[in-house]
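Chemist: With my numbering, letter number 96 in the sequence shown gets 96, and the count goes up by one each step, no holes.
The beta-carbon is built from N, C-alpha and C at its ideal position, and this holds for glycine as well.
One structure, pasted below without further comment.
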Amino acid sequence: MANEFNHFTVMKNEAVDALECQNGKIYVDCTLGGGGHSELILQRISPDGKLFAFDIDDDAIKYATERLKDYKNLTIIKDSYVNIKSALKKYGVEKITGGVLLDLGASYHQLTKQERGFSFSKEAPLDMRFDMSADFSAYDVINGYKEDELVKIFSEYGEERFSKRIAKAIVNNRNQKPIKTTTELAELIVNSTPHIKSAIHPATRVFQAVRIEVNGELKNVKNVLTDVLELLDYGAIISVISFHSLEDRIVKKLFKFEAQKCRCNDMICHCEPPRIELVNRKPITASEEELKINPPSRSAKLRVVKFIKK
Numbered sequence: 001m002a003n004e005f006n007h008f009t010v011m012k013n014e015a016v017d018a019l020e021c022q023n024g025k026i027y028v029d030c031t032l033g034g035g036g037h038s039e040l041i042l043q044r045i046s047p048d049g050k051l052f053a054f055d056i057d058d059d060a061i062k063y064a065t066e067r068l069k070d071y072k073n074l075t076i077i078k079d080s081y082v083n084i085k086s087a088l089k090k091y092g093v094e095k096i097t098g099g100v101l102l103d104l105g106a107s108y109h110q111l112t113k114q115e116r117g118f119s120f121s122k123e124a125p126l127d128m129r130f131d132m133s134a135d136f137s138a139y140d141v142i143n144g145y146k147e148d149e150l151v152k153i154f155s156e157y158g159e160e161r162f163s164k165r166i167a168k169a170i171v172n173n174r175n176q177k178p179i180k181t182t183t184e185l186a187e188l189i190v191n192s193t194p195h196i197k198s199a200i201h202p203a204t205r206v207f208q209a210v211r212i213e214v215n216g217e218l219k220n221v222k223n224v225l226t227d228v229l230e231l232l233d234y235g236a237i238i239s240v241i242s243f244h245s246l247e248d249r250i251v252k253k254l255f256k257f258e259a260q261k262c263r264c265n266d267m268i269c270h271c272e273p274p275r276i277e278l279v280n281r282k283p284i285t286a287s288e289e290e291l292k293i294n295p296p297s298r299s300a301k302l303r304v305v306k307f308i309k310k
């Protein structure tokens with residue numbers, strides 16, 4: 001049911017304000033979610049602006065379609081934002097004239113809906129797919145990856161210091177029987193790591209790492225930003241919200257590189273002028289008011305750039 005969709009739009013005003021929305025221009029919301037950002041964009045670009053919104057989550061699309069049904073200048077595309085170039089081309093869009101918004105990571109609805117398997121606090125099958133039609137899930141990672149592969153993703157994507165212990169415990173346990181549920185995995189992680197006083201549950205980092213691996217999140221972020229830069233028209237803006245340091249590092253590094261006057265490091269620079277300029281050198285964070293309403297927004301960072309190459 002659409003009314004069962006739990007959603008909170010993080011930094012709605014800040015992210016959309018950054019786009020400097022103008023009537024008549026083309027905008028893209030790469031992560032439709034519950035439609036909070038999209039609705040505000042539509043309010044500001046109507047009646048002649050156009051918004052294309054991407055999502056692969058059927059629950060999100062169903063909810064947002066109903067919420068935004070009165071906007072005739074909205075096109076919802078059931079596809080991953082990694083296919084932004086080919087998808088927009090089908091609609092005759094060669095250039096994004098207004099701007100692009102990216103709200104990265106899993107939505108509140110995905111993280112809290114029990115059967116999706118994102119949470120270690122709720123019994124559910126090991127799933128973690130953003131796209132429920134995809135074949136590859138968390139079950140395949142936990143029960144199919146070699147021990148050294150598990151160590152690698154736990155270390156790199158979860159920054160988990162007990163990666164080796166956890167990976168070894170997973171392999172030993174699954175040799176007896178497959179690990180099928182979120183609570184099985186969480187209990188195994190707790191039992192294989194030292195009991196340290198912390199506000200963070202011992203399974204948090206591993207669950208984050210597996211989710212990133214299942215959905216190819218970090219690779220997708222870099223790929224979509226690279227494609228977006230090729231689609232932007234002069235003066236168009238990219239507004240990106242990231243939720244953990246790994247995502248933010250990719251966004252920051254790419255934006256910093258593209259904004260540099262010299263990107264070749266040769267003795268004599270032959271670089272063309274930079275394509276973008278940084279609108280904010282330091283990330284914008286959620287307001288105190290928002291933190292009171294939605295504490296998880298404390299990890300959100302907003303980075304904004306403008307396309308300046310004619």
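(1) Quick one: complete beta strand (DSSP E) runs, 3+ long, within the region 51 to 134?
(2) Inspect the beta-carbon positions of C30 and F54 and report whether they are closer than 9 Å.
(3) Assuming Y157 is part of the alpha helix (DSSP H), what are its boundary residues?
(4) CA-CA distance, K168 and A134?
(5) For M1 and G33, I'd like the C-alpha separation in whole angstroms.
(6) Would you mind working out which of R44, A186, F130 and L218 sits nearest S119, comparing C-alpha positions?
(7) If you run the structure through DSSP and keep just helix, strand and coil, what is E272?
(8) Determine which residues share a DSSP beta bridge with I238 and list them.
(9) May I have the straight-line CA-CA distance separating D48 from E66, to the nearest angstrom?
(10) Going by DSSP, which residues form a beta bridge with D29?
(11) Beta-carbon within less than 6 Å of I284's beta-carbon, same chain only, minus the 5 sequence neighbours each way: which residues are those?
(12) What is the DSSP secondary structure of L254, counted as helix, strand or coil?
(13) Let me know the secondary structure DSSP gives T285 once reduced to three states.
(14) Are the region 121 to 138 and the region 206 to 215 in contact at 8 Å, needing three or more beta carbon pairs?
(15) Applying the 10 Å Cβ sphere with the 16-neighbour rule, what's the burial state of A199?
(16) Looking at C-alpha atoms only, which residue of L254, N223, K177 and N265 is the closest neighbour of I142?
(17) With DSSP as the reference, label A2 as helix, strand or coil.
(18) Out of S163, I179 and D17, point me to the one whose CA is closest to R205's CA.
(19) Check each candidate in S239, V28, C21 and N223 and name the one with the smallest Cα separation from T75.
(20) For H109, is the classification buried or exposed, using 16 other Cβ atoms within 10 angstroms of its Cβ as the cut-off for buried?
(21) CB-CB under 8 Å to F307, same chain, minus the five flanking residues each way: which ones, in chain order?
Modeler: Result, derived from the coordinates:
(1) 74 to 78 and 99 to 103
(2) The residue labelled residue 30 in the question sits at position 30 within the sequence shown. The residue labelled residue 54 in the question sits at position 54 within the sequence shown. Yes. Within cutoff.
(3) Taking the first residue of the sequence shown as position 1, residue 157 is located at position 157. First-last of the alpha helix (DSSP H) with Y157: E147 to G158.
(4) Here the question's residue 168 lines up with position 168 in the sequence shown. Here the question's residue 134 lines up with position 134 in the sequence shown. In a straight line, the C-alpha of K168 is about 28 Å away from that of A134.
(5) The residue you call residue 1 lines up with position 1 of the sequence shown. The residue you call residue 33 lines up with position 33 of the sequence shown. With a pLDDT of 38 at M1, under the threshold of 50, the modelled position of that residue is not reliable, and no figure is offered here.
(6) The residue given as residue 119 occupies position 119 in the sequence shown. Of all alpha-carbon atoms in R44, A186, F130 and L218, the one lying nearest the alpha-carbon of S119 is that of A186.
(7) The residue you call residue 272 lines up with position 272 of the sequence shown. Residue state, collapsed to three classes: coil.
(8) As a first step, residue 238 must be located in the sequence shown, where it is residue number 238. The partner list for I238 (beta bridge, DSSP) reads V100 and V305.
(9) Here residue 48 refers to the residue found at position 48 when the sequence shown is read from its first residue. Here residue 66 refers to the residue found at position 66 when the sequence shown is read from its first residue. Distance between the alpha carbons of D48 and E66 is about 21 Å.
(10) In the sequence shown, the residue the question calls residue 29 occupies position 29. Beta-bridge pairing links D29 to A53 and L101.
(11) For the purposes of this step, residue 284 is taken as residue 284 along the sequence shown, with counting starting at 1. Around I284: E14 and L302.
(12) The residue given as residue 254 occupies position 254 in the sequence shown. It is helical.
(13) The residue labelled residue 285 in the question sits at position 285 within the sequence shown. If DSSP states are grouped into helix, strand and coil, T285 belongs with coil.
(14) yes
(15) If you number the sequence shown from 1, residue 199 lands on position 199. Classification of A199: exposed, given that the 10 Å Cβ count is below 16.
(16) Counting from one through the sequence shown, the residue named residue 142 turns up at place 142. It is K177 whose Cα lies nearest to the Cα of I142.
(17) For the purposes of this step, residue 2 is identified with residue 2 of the sequence shown, where counting begins at 1. Note that A2 scores 42 on pLDDT, short of 50, meaning its location in the model is unreliable and no value can be drawn from it.
(18) Within the sequence shown, the letter at position 205 stands for residue 205. Nearest of S163, I179 and D17 to R205, Cα basis: S163.
(19) By 1-based counting over the sequence shown, the position of residue 75 is 75. When each option's Cα is compared against that of T75, the closest is V28.
(20) As a first step, residue 109 is located in the sequence shown; it is residue number 109 there, counting from the start. Here H109 scores only 48 on pLDDT, less than 50, and its place in the model should not be relied on; the value that follows carries that caveat. H109 should be labelled buried.
(21) As a position in the sequence shown, residue 307 is number 307, starting the count at 1. Answer for F307: L229, L232, D233, Y234, G235, A236, I237, I238, R275 and I276, listed in chain order.
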